[in-house]
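Enquirer: Residue numbers (our numbering): 7 to 233.
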């Protein structure tokens, strides 16, 4: 397993979220832990289905050929189960409520693109989500943002330069809904190469690696609220 950070995480941010600025990580502080009166809404952003992403130096014809060669693999990747991703809010709520914090599960998928964009200011969300305070009766929003799931495979022209590597990437966001101040912010990218041969008829080793990546990403979200 590898946790890729720095340039790789920034590149995925630009590809999947279109962000123009880079918000540094924000760690949970003592002010958060000492305040148990705030109601914390816990929700997810829409999750894109798993997909195979072909990267590397490829022309349009190369990409068309490589896409065709990988069609069976792409179909298989698209069937990977995201249940353990989609139940992340419930796992976080269980940890918070065990510590005495007030929570509210928000079933709506929070699509940040639908909220008014604000000027970038470090330590603050770039969207005005203040309407959620009235809509759900919350003071803070803990958002599980999964930006990409599936696998990547690199090519040089039509020559593969890597095996498919399962990946889960995204952001953890805890924000005061009234003023958009970030209380916690973490980007992550988890990759998990398959153990043994990846190209079995049923791709079982590759699938197992994906579910390991999902489990590791769950830990990145849950652990900060379980300490």
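Backbone N, C-alpha and C fix where the C-beta goes; we use that ideal spot for every residue, glycine too.
Suppose only complete runs of 3+ residues qualify. What are the beta strand (DSSP E) ranges in the segment 188 to 218, listed by chain order?
Expert: 188 to 197
Enquirer: May I ask you to report which of helix, strand or coil DSSP gives residue 81?
Expert: helix
Enquirer: Please determine, among 207, 135, 213, 193, the residue with the shortest C-alpha to C-alpha distance to residue 185.
Expert: The residue with the shortest Cα to Cα distance from residue 185 is 135.
Enquirer: What is the DSSP secondary structure of residue 63, counted as helix, strand or coil?
Expert: It is a strand residue.
Enquirer: Is the distance from the Cβ of residue 175 to the Cβ of residue 167 below 8 Å?
Expert: no
Enquirer: For residue 180, report the span of its beta strand (DSSP E) as first-last.
Expert: 171 to 182
Enquirer: Please list the terminal residues of the continuous beta strand (DSSP E) segment that includes residue 147.
Expert: 146 to 162
Enquirer: Can you tell me whether residue 80 is buried or exposed? The criterion is at least 16 other CB atoms within 10 Å of its CB, across all chains shown.
Expert: Classification of residue 80: buried, given that the 10 Å Cβ count is 16 or more.
Enquirer: Taking the beta carbon of residue 60 as the centre, do at least 16 other beta carbons fall within 10 Å, making it buried, or is it exposed?
Expert: buried
Enquirer: Check residue 98 in the structure and name its three-state DSSP category.
Expert: helix
Enquirer: Look at the alpha carbon of residue 51 and the alpha carbon of residue 191, and state the distance between them as a whole number of angstroms.
Expert: 15 Å
Enquirer: Buried or exposed: where does residue 96 fall if 16 or more other Cβ atoms within 10 Å of its Cβ makes it buried?
Expert: Label assigned to residue 96: exposed.
Enquirer: Whose CA, out of 46, 151, 82, 53, lies closest to the CA of residue 105?
Expert: Checked all of 46, 151, 82, 53; the closest Cα to residue 105 is 46.
Enquirer: Mind checking residue 153: buried by the 16 CB within 10 Å criterion, or exposed?
Expert: buried
Enquirer: Can you name the start and end residues of the beta strand (DSSP E) that residue 91 belongs to?
Expert: Where residue 91 is concerned, there is no enclosing beta strand (DSSP E), although the alpha helix (DSSP H) it sits in stretches over 89 to 92.
Enquirer: Check for me: the beta strand (DSSP E) holding residue 108 runs from which residue to which?
Expert: 108 to 115
Enquirer: Would you give the residue range spanned by the beta strand (DSSP E) that residue 49 belongs to?
Expert: Here the beta strand (DSSP E) through residue 49 covers 45 to 50.
Enquirer: Give the range of the alpha helix (DSSP H) segment to which residue 37 is assigned.
Expert: 36 to 40
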